[in-house]
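Colleague: All letters in the sequence shown, in the order written, are residues 1 to 160 by full-length UniProt numbering.
Yeah, the Cβ is synthetic: ideal placement off N, Cα and C, and Gly gets one too.
If you're wondering where the values come from, they're calculated on a predicted model, not measured in any experiment.
Got a structure for you, written out below as structure tokens; questions coming shortly.
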Amino acid sequence: MDHPVEPTTKRKVVYAYVVGDIIHIGHIRHLQNAKKQGGYLIVGVLTDEATTEKKPLPIISFSERMELIRSLRMVDEAIPQTTYSPLDNVRRIKPDVLMESDSHPEQPANQFVESYGGQVVITSYYSTQSSTSIKNKIIKTWRPPVVTSSITQVVSSTDN
């Protein structure tokens, strides 16, 4: 008896990116939402150089951040992102879906994805618990007041 051949369905490729310095629930929700958009999730992890284009140097090393992101069950692949903008990786991968945060202004990567029929999905920034708020809580709890004001000035300009 012949069995009909089922059509092969192409899984959507989704690209998301993070610094991943201090992993928190906002990262997890963003990546879970990304995974729901398609079948194969590639996450760009910003290198130290890419991060410092706009933010201070991450606390956790790049290699450890890569390992952390790779260990998340919703992530199929983690790759370096060598610029703050995802455009270079997006040009190379041409994902079906680009995940973007509403905390980032309109980017050329969004326009590029839309130019070939891809989709840009904007997720809400999770301001309740950000890497910056975690760093500030640590400073407030564990540092003497004199040191706290100096460190707070440095940390307040960061957000991952």
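Can you list, in chain order, the residues of its chain whose CB lies under 6 Å from that of residue 161, leaving out five sequence neighbours each side?
Modeller: Limits of the chain in this structure are 1 at one end and 160 at the other, which puts residue 161 out of reach.
Colleague: Compute the beta-carbon to beta-carbon distance between Gly44 and Tyr17, rounded to the nearest angstrom, for a pair I have assumed lies under 8 Å.
Modeller: Reading the sequence shown from its first residue, position 44 is the one you call residue 44. Reading the sequence shown from its first residue, position 17 is the one you call residue 17. Confirmed, Cβ separation roughly 4 Å.
Colleague: Pro108: buried (16+ other C-beta within 10 angstroms of its C-beta) or exposed?
Modeller: One-based indexing of the sequence shown puts residue 108 at position 108. Answer is exposed; the Cβ neighbour count stays below 16.
Colleague: Quick one: is Lys10 buried, meaning 16 or more other Cβ sit within 10 Å of its Cβ, or exposed?
Modeller: Within the sequence shown, residue 10 is the residue found at index 10, counting from 1. With fewer than 16 Cβ atoms within 10 Å of its Cβ, Lys10 is classed as exposed.
Colleague: Does the stretch 70-77 come into contact with the stretch 24-34, if we say contact requires no fewer than three beta-carbon pairs (one atom in each stretch) closer than 8 Å?
Modeller: Yes, since at least three Cβ pairs between the stretch 70-77 and the stretch 24-34 fall closer than 8 Å, the two stretches touch.
Colleague: Going by other Cβ atoms of all chains shown within 10 Å of its Cβ, with 16 needed for buried, is Arg65 buried or exposed?
Modeller: The count along the sequence shown starts at 1 and reaches residue 65 at position 65. That one is buried.
Colleague: Using the Cα positions of Phe112 and Lys140, report the straight-line distance between them to the nearest angstrom.
Modeller: Position 112 of the sequence shown, counted from the start, is the residue given in the question as residue 112. Position 140 of the sequence shown, counted from the start, is the residue given in the question as residue 140. So the two alpha carbons sit approximately 42 Å from each other.
Colleague: Skipping 5 residues on each side, what residues in its chain have a beta carbon closer than 7 Å to that of Arg91?
Modeller: Walking along the sequence shown from the start, residue 91 turns up at place 91. Excluding residues within five positions, the ones whose Cβ falls inside 7 Å are Phe112.
Colleague: Which runs of the alpha helix (DSSP H) spanning at least 4 residues fall entirely within the UniProt domain "Cytidyltransferase-like" (21-142), listed in chain order?
Modeller: Taking only runs of at least 4 residues, the alpha helix (DSSP H) segments lying wholly in the UniProt domain "Cytidyltransferase-like" (21-142) are 25-37, 48-51, 62-70, 87-93, 108-115, 131-142.
Colleague: Is the beta carbon of Ile42 closer than 8 Å to that of residue 192?
Modeller: Nothing about residue 192 can be reported from this structure: the residues present for the chain run from 1 to 160 only.
Colleague: Please classify Val14: does DSSP put it in a helix, a strand, or coil?
Modeller: To locate residue 14, count along the sequence shown from 1; it is residue 14. Strand, per DSSP.
Colleague: Should Glu100 be labelled buried (16 or more other beta-carbon atoms within 10 Å of its own) or exposed?
Modeller: Position 100 of the sequence shown, counted from the first residue, corresponds to residue 100. Its Cβ being crowded by 16 or more others within 10 Å, Glu100 is buried.
Colleague: Would the beta-carbon of Gly20 fall within 8 Å of that of Ile69?
Modeller: If you number the sequence shown from 1, residue 20 lands on position 20. If you number the sequence shown from 1, residue 69 lands on position 69. Their beta carbons are under 8 Å apart, which means Gly20 touches Ile69 by this criterion.
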